[in-house]
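Here the sequence shown is numbered in my numbering, starting from 2 and rising by one per residue.
A virtual CB, placed ideally from N, CA and C, is assigned to each residue, including glycine.
Below is one structure, written out as structure tokens, with a few remarks after it.
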Amino acid sequence: MEEIGIPELTSEQRQELCEIGEKAARSHILSRIPSRKISTLDITIETEGTKPITVNVDVEIVLSPLMKDYDVEKLADEAKEKAFTSVESYLRKLACRSTK
Numbered sequence: 002m003e004e005i006g007i008p009e010l011t012s013e014q015r016q017e018l019c020e021i022g023e024k025a026a027r028s029h030i031l032s033r034i035p036s037r038k039i040s041t042l043d044i045t046i047e048t049e050g051t052k053p054i055t056v057n058v059d060v061e062i063v064l065s066p067l068m069k070d071y072d073v074e075k076l077a078d079e080a081k082e083k084a085f086t087s088v089e090s091y092l093r094k095l096a097c098r099s100t101k
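Take a look at the structure:
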């Protein structure tokens with residue numbers, strides 16, 4: 002991710018950042034696959050450092066055997082991208098607020 006000039010995040014902001022990213026990834030997956038066809042869905046979002054902050058997103062999806070021909074890797078990559086997009090948007094909003 003690029004440098005966008007955000008202030009140092011509080012623990013509450015870090016938590017909110019992780020929740021926003023997780024929600025975006027989960028929403029994307031559930032918009033593509035019904036929840037009843039998902040055996041396992043683990044979304045982990047971690048932050049490291051303070052300034053700059055590093056955000057790591059990990060998505061693990063195991064689908065029911067009925068979905069054996071579905072491209073799970075592609076779905077996981079798309080979900081990660083959605084998470085990063087929403088996290089970046091959140092960070093940009095924080096950066097705008099800190100310059101006012």
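Item: E61 versus I30, T55, F85, Y91, residue with shortest Cα-Cα distance; Value: I30
Item: Alpha-carbon to alpha-carbon, P66 and T51; Value: 42 Å
Item: C-beta atoms of G22 and V73 nearer than 8 Å; Value: no
Item: Own chain residues within Cβ distance below 6 Å of M68, not counting five before or after; Value: K38
Item: Start and end residues, alpha helix (DSSP H) containing E9; Value: Looking at the DSSP string, E9 is not in any alpha helix (DSSP H), and its letter there is neither H nor E.
Item: CB contact flag (T48, T55, <8 Å); Value: yes
Item: Distance CB(L64)-CB(R33) smaller than 8 Å; Value: no
Item: Pairwise C-alpha distance: L42 and F85; Value: 18 Å
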